[in-house]
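Peer 1: Everything in the sequence shown is counted per the working numbering, starting at 14 for the first residue and increasing by one.
The C-beta atom is built at its ideal place from N, Cα and C for all residues, glycine as well.
Before we start, here is the structure in question, set down as structure tokens.
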Amino acid sequence: MKPITETTSLQTRVLECCMCSMLLFNDKAEIIYLNQYGKNELGVSDEYPDLYSIFRMFLSKDENLEEFVERNNEKEINTIVYRVNQTCFPAIVKILNLKISPSKFIYFATFTNEFAKEESEKIIKKMETEAEEANKIKDQFVANTTHELRTPLNGIKGHVNNLINDSTTSPDSLPTLDIIMKCCNNMESIINDILDFSKLSAGKIVLEEREFPIRKVIDDVLDINMIIANSKGLNLSALIDDNVPEIVIGDELRILQILNNLISNAIKFTQIGSVRIEVHKTMHYEDTMELTFFVIDTGIGIDKEGQEKLFKSFSQTDASTTRKYGGTGLGLFISKELATMMHGDISVSSSKGRGSTFIVNIQVKSPEIVSKNEYTTKTINIPTVDDEDDLYEFGSKKNLESLRNIMEKLVIAIDMGLWEKGEFFSDSLKSLLESSENSDLKKSMFRLQMAVRKEDMDNFNKYYDLVKQKLNL
């Protein structure tokens, strides 16, 4: 094969990387370039490249090359292509006339082995079928396994509940039984997440729409999460706009699932302060309206990198989150998929150490049909826990009050000799101050925490005063 002076080394490298046969030939039907894929397809040897031409490849010798190219320029040709060993295969050939100068032409051609293409399509189809079968088996296995896990789990919960309510049970056993019940509830939540994920993957979740009171859903979410919120000293509240109707039509259980997941997450990642849910009607047209839910917390917040991972399956912001707070990383993914099924979405507004606001938009039906001529919308700014002027390095004013209360409880616990209880309060303080950029404060807080763990009263007094001073409390 003759070298092509007109083709740069970069262009040649690009052609060599292509996973299809490409060649250049001149007006004498001599192949002046054939990429490696084409050489392999045609059996052309690098040692004897000049023994092959277009006439040997697919053009009959009595054919006029110039007329053939002019007639088929930029067209796909179904023809038979011959290899060097004279075996052949059906192919689609496409030729392009390239003008180098007013009197000089070269021709660019590509060809595709139809046998290989058909074989590849068969392999791909077979792989797709096998993948579908594997997914069906996986989904069936997950469904069977999760249902099988429920039976012993419900049995354990039943026995534990009986023991808790049994008057003969020793009071010393109640904390252990309470831990067992919490573990069972966590396991049940994980099982539900895995089952929902499997159903979503298989497209088996169907929304069941019926009339229901939206305010009852909010009340139920608060009732479900109130005990754990109170145990952490968090203020859990709700605000429902007056424009939200009493009755809507939608999937009550799935809406409850979305909101419960967001509220429970907010409580999980909030050490002090509050968690609030707000509901607004932001659009109403004919029988369709859009509800917007805000879930606002004063928790640890999420940086930009963490926000990108939030709604992916089996993903959490980082490995330490999984270790510290647990969970499968499926909850937000499932919630977002459910919101999408309701013609909505979930987004987040957050920054590290400043809390988070999750925004849920879903569409529901209204029993009251609005006239076609009426189209109402309402713009809602993302609510904040306090005004921007009230925000400090360590959170809102309410956060600072909570911080002061925790420090007071820490002192009381230590004065009473309850070092283990004091360790709980010192851990809470340290978690809250992790986002602080004040390195001296963080060092003092660490030493305070160590003093509590070692039951060292002298160092406790020393570093407690330092932390309090640096917080201006």
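1) How far does the beta strand (DSSP E) with E224 in it extend, from its first residue to its last?
2) Identify which residue in R163, N86, R289, D440 has its Cα closest to the Cα of T370.
3) Which residues in the same chain have their Cβ closer than 6 Å to the Cβ of R367, if we skip the five residues on either side of it in sequence?
4) Quick check on P165: does DSSP put it in helix, strand or coil?
5) Mapping DSSP to helix, strand and coil, what is V257?
6) Let me know if H172 comes out buried or exposed under the rule of 16 or more other beta-carbons within 10 Å of its beta-carbon.
7) Report the option in I309, I347, G357, K349 whose CA atom is closest to the CA atom of S364.
8) With distances taken from CA atoms, which of S250, C101, L111 is nearest F128?
9) Check K488 in the structure and name its three-state DSSP category.
10) Can you list the alpha helix (DSSP H) stretches of 4 or more residues lying completely in the segment 83 to 145, in chain order?
11) Can you tell me where the beta strand (DSSP E) with N374 in it begins and where it stops?
12) Rounded to whole angstroms, what's the CA-CA distance from E79 to L37? Just pull it up for me.
13) Looking only at C-alpha atoms, which of A42, Y50, N39 sits nearest to C30?
14) Could you tell me the distance, in whole angstroms, from the CA atom of L72 to the CA atom of V94?
15) Suppose you measure from the CA of V373 to the CA of I271; what does that come to, to the nearest Å?
16) Between which two residues does the beta strand (DSSP E) carrying S66 extend?
17) Can the beta-carbon of F324 be found closer than 8 Å to that of I359?
18) In the structure shown, what three-state DSSP assignment does A147 receive?
19) Name, in chain order, the residues that DSSP records as bridge partners for F154.
20) Rounding to the nearest angstrom, what Cα-Cα distance links R417 and L446 in this structure?
21) In the DSSP assignment, the alpha helix (DSSP H) including S457 goes from what residue to what residue?
22) Considering just the uninterrupted stretch of the alpha helix (DSSP H) at D209, what are its terminal residues?
23) Candidates G435, K455, L247: which alpha carbon is nearest K467's?
24) Give me the Cβ distance between V257 and K294, rounded to the nearest whole Å; I'm assuming they're in contact under 8 Å.
25) For E421, which option in K456, V480, L275, L454 has the closest C-alpha, if you only look at C-alpha atoms?
26) Report yes if the C-beta distance between K107 and E134 is below 8 Å; otherwise report no.
27) Can you give the Cα-Cα distance for I425 and L461, rounded to whole angstroms?
28) Give the DSSP-derived three-state secondary structure of L28 in the structure shown.
29) Would A242 pass as a contact of I280 if the rule is Cβ separation under 8 Å?
30) Which residues in the same chain have their Cβ closer than 7 Å to the Cβ of P115, if we skip the five residues on either side of it in sequence?
31) Kindly confirm or deny that the segment 219 to 236 and the segment 260 to 274 touch, where touching means at least three C-beta pairs closer than 8 Å.
32) Return the chain-ordered list of same chain residues with a C-beta closer than 6 Å to the C-beta of I231, the five sequence neighbours on each side being excluded.
33) For the beta strand (DSSP E) containing M429, list its first residue and its last residue.
34) Is the CB-CB distance between V465 and S441 below 8 Å?
35) Within the same chain, show all residues whose beta-carbon is closer than 8 Å to that of I177, passing over the 5 residues directly before and after it, in chain order.
36) According to DSSP, is S364 part of a helix, a strand, or is it coil?
Peer 2: On the basis of the coordinates in this document:
1) Position 211 of the sequence shown, counting from 1, holds the residue named residue 224. Residues 223 to 226.
2) Counting from one through the sequence shown, the residue named residue 370 turns up at place 357. Comparing Cα positions, the closest option is R289.
3) Along the sequence shown, one-based indexing puts residue 367 at 354. Excluding positions up to five away in sequence, the list reads G314.
4) Here residue 165 corresponds to residue number 152 of the sequence shown, with the count starting at 1. DSSP places P165 in helix when its eight states are reduced to three.
5) Numbered from its first residue, the sequence shown carries residue 257 at position 244. Coil at V257, not helix or strand.
6) If you number the sequence shown from 1, residue 172 lands on position 159. H172 should be labelled exposed.
7) In the sequence shown, the residue the question calls residue 364 occupies position 351. Ranking the options by Cα distance to S364, first place goes to I309.
8) For this step, residue 128 is matched to residue 115 along the sequence shown. Considering only alpha carbons, the answer is C101.
9) Residue 488 lies beyond the stretch modelled for the chain, which goes from 14 to 486, so this question has no answer here.
10) none
11) For the purposes of this step, residue 374 is taken as the residue at position 361 of the sequence shown. Counting along the chain, the beta strand (DSSP E) containing N374 begins and ends at 369 to 378.
12) Taking the sequence shown and counting its residues from 1, one reaches residue 79 at position 66. Taking the sequence shown and counting its residues from 1, one reaches residue 37 at position 24. Cα to Cα, E79 sits roughly 15 Å from L37.
13) Mapped onto the sequence shown, residue 30 falls at position 17. Minimum Cα distance to C30 is reached at Y50.
14) Residue numbering aside, residue 72 sits at position 59 when the sequence shown is read from its first letter. Residue numbering aside, residue 94 sits at position 81 when the sequence shown is read from its first letter. If I take the Cα positions, the gap works out to 9 Å.
15) Along the sequence shown, read from residue 1 onward, the residue named residue 373 stands at position 360. Along the sequence shown, read from residue 1 onward, the residue named residue 271 stands at position 258. Looking at the two C-alpha atoms, the distance is approximately 9 Å.
16) Residue mapping note: residue 66 aligns to position 53 of the sequence shown, counting from 1. S66 -> no beta strand (DSSP E), and no H or E assigned at all.
17) Residue numbering aside, residue 324 sits at position 311 when the sequence shown is read from its first letter. Residue numbering aside, residue 359 sits at position 346 when the sequence shown is read from its first letter. Yes; because the gap between Cβ atoms is below 8 Å, this pair is in contact.
18) To locate residue 147, count along the sequence shown from 1; it is residue 134. A147 falls in the helix class under three-state DSSP.
19) If you number the sequence shown from 1, residue 154 lands on position 141. Note: F154 sits in no beta bridge, so no partner.
20) Position 404 of the sequence shown, counting from 1, holds the residue named residue 417. Position 433 of the sequence shown, counting from 1, holds the residue named residue 446. R417 and L446: Cα-Cα distance of roughly 13 Å.
21) On the sequence shown, residue 457 is found 444 positions in, with the first residue counted as 1. Taken as a continuous stretch (DSSP letters only), the alpha helix (DSSP H) holding S457 covers 452 to 466.
22) Against the sequence shown, residue 209 aligns to sequence position 196. Run containing D209: 187 to 214, per the alpha helix (DSSP H) assignment.
23) As a first step, residue 467 is located in the sequence shown; it is residue number 454 there, counting from the start. The residue with the shortest Cα to Cα distance from K467 is G435.
24) Along the sequence shown, read from residue 1 onward, the residue named residue 257 stands at position 244. Along the sequence shown, read from residue 1 onward, the residue named residue 294 stands at position 281. At roughly 5 Å, the Cβ-Cβ gap stays under 8 Å, so V257 and K294 are in contact.
25) Position 408 of the sequence shown, counted from the first residue, corresponds to residue 421. The shortest C-alpha separation from E421 is found at V480.
26) Taking the first residue of the sequence shown as position 1, residue 107 is located at position 94. Taking the first residue of the sequence shown as position 1, residue 134 is located at position 121. No, they are not a contact pair.
27) Residue mapping note: residue 425 aligns to position 412 of the sequence shown, counting from 1. Residue mapping note: residue 461 aligns to position 448 of the sequence shown, counting from 1. Spanning the two alpha carbons is a distance of roughly 15 Å.
28) In the sequence shown, the residue the question calls residue 28 occupies position 15. Reduced to three states, the DSSP call for L28 is helix.
29) Taking the sequence shown and counting its residues from 1, one reaches residue 242 at position 229. Taking the sequence shown and counting its residues from 1, one reaches residue 280 at position 267. Result yes, Cβ atoms of A242 and I280 sit closer than 8 Å.
30) In the sequence shown, residue 115 corresponds to position 102, counting from 1. Counting only Cβ-Cβ distances below 7 Å, and skipping sequence neighbours, we find nothing.
31) yes
32) Reading the sequence shown from its first residue, position 218 is the one you call residue 231. Result list for I231: A251, in chain order.
33) As a first step, residue 429 is located in the sequence shown; it is residue number 416 there, counting from the start. Careful: M429 lies outside any beta strand (DSSP E) and carries neither H nor E.
34) Taking the sequence shown and counting its residues from 1, one reaches residue 465 at position 452. Taking the sequence shown and counting its residues from 1, one reaches residue 441 at position 428. Against a cut-off of 8 Å, the Cβ pair of S441 and V465 comes out as no contact.
35) Locating residue 177 in the sequence shown gives position 164, counting from the first residue. The residues are L187, L190, D191, M194.
36) For the purposes of this step, residue 364 is taken as residue 351 along the sequence shown, with counting starting at 1. Note: S364 maps to coil in three-state DSSP.
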